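Below is one structure; the comments refer to it alone.
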Amino acid sequence: MKFHYDMQIESQPDAVEAVLRRPVPRLDSSRPLLFCGQGTSLHAARVAAAWAGYPALAVESHDAALRTAVPPGAQVVVVSHSGGGFTPAVLRKARAAGAATFAICSDAAPADADHVVRTCPPERAQTHTVSYVTGLAALGQMLGLDLSSAPGLLRDALAEPAPVDAARRLAAKDPLLVTGFGFDAIAAAEAALKLKEATFQWAEGLSVEQALHGPQAALHPRMGAVLFNPDDDDGGRTARLRELCVTVGV
């Protein structure tokens, strides 16, 4: 049996390819950049800010609308699948401050911005996986990154056997810890959110170092853990967390 979630995952390579074929406005790295979003969209904003580098910031749309000051001459990029929530308030605030406004949203979402970049049709599954990867594709293009290999990499990943055995082992565990280093720390936060949304199981996504500063005291055998293996040198911290998990019986 296939669910909406499965079909949406399978559609990701073509959806990303479609976004990469479209022209997008370019962001100016010499001007302040503020990326805003909530939930999955905040994780996309965090990736974009990391791609852009200092002094770009990723801020929750809630905070951006009610607390965060918009710098003079800024570019404010709001990521939102629906265009709802605090998105309109952020765009109004940015416009009032004289900022250039950009909205990255689904094909049907309302967006009152100087530049609107569409990502994908509205999704049936509330996990918004297609929105996430197409939003990243759009953000990368706007920052001048070459993401031409992304559709092929997604197809390769989907061609791999599903980790059914691991999923079955984790299904009996509660809560779940997901960790990563660098960009994988953002992926861990997104993976934990997807686990909550898709399985109704509590999961927490942390950077591996954050997991080793206090949270390790709460590890117990009823938990499960997913640790992203780092591509870069993380100072042995993922290995250390894995040792702790084995010792405790996680």
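The opening residue of the sequence shown carries number 16 in our numbering; numbering runs sequentially from there.
Backbone N, C-alpha and C define an ideal beta-carbon position, used for all residues, glycine too.
Since we're looking at a predicted model, the values are computed, not measured.
A check of alpha carbon separations from A89 across S97, P70, I201 and V223 identifies P70 as the nearest.
Using a 10 angstroms sphere on the CB of T262, the tally of other CB atoms stays under 16, which defines it as exposed. If you draw a straight line from the Cα of S121 to the Cα of E258, it is about 42 Å long. Shown here, C260 sits in a helix according to DSSP, grouped into three states.
The residues A59, V94, I119 and T134, in chain order, have a CB closer than 6 Å to that of G150 in the same chain once the five nearest residues on each side in sequence are set aside. Taking a cut-off of 8 Å for Cβ pairs, the region 162-173 and the region 202-211 do not touch, as fewer than three such pairs fall below it.
Two segments are said to touch when three or more pairs of C-beta atoms, one from each, lie closer than 8 Å; by this definition the region 137-151 touches the region 25-37. Bounds of any alpha helix (DSSP H) do not take in A115; it lies within the beta strand (DSSP E) bounded by A115 to C120. Judged by DSSP in its simplified three-state form, V223 adopts helix. A distance below 6 Å between beta-carbons, with the five flanking residues on each side excluded, links P137 to the following residues of its chain, in chain order: S121 and A123. Under the three-state reduction of DSSP output, V265 falls in the coil class, being neither helix nor strand.
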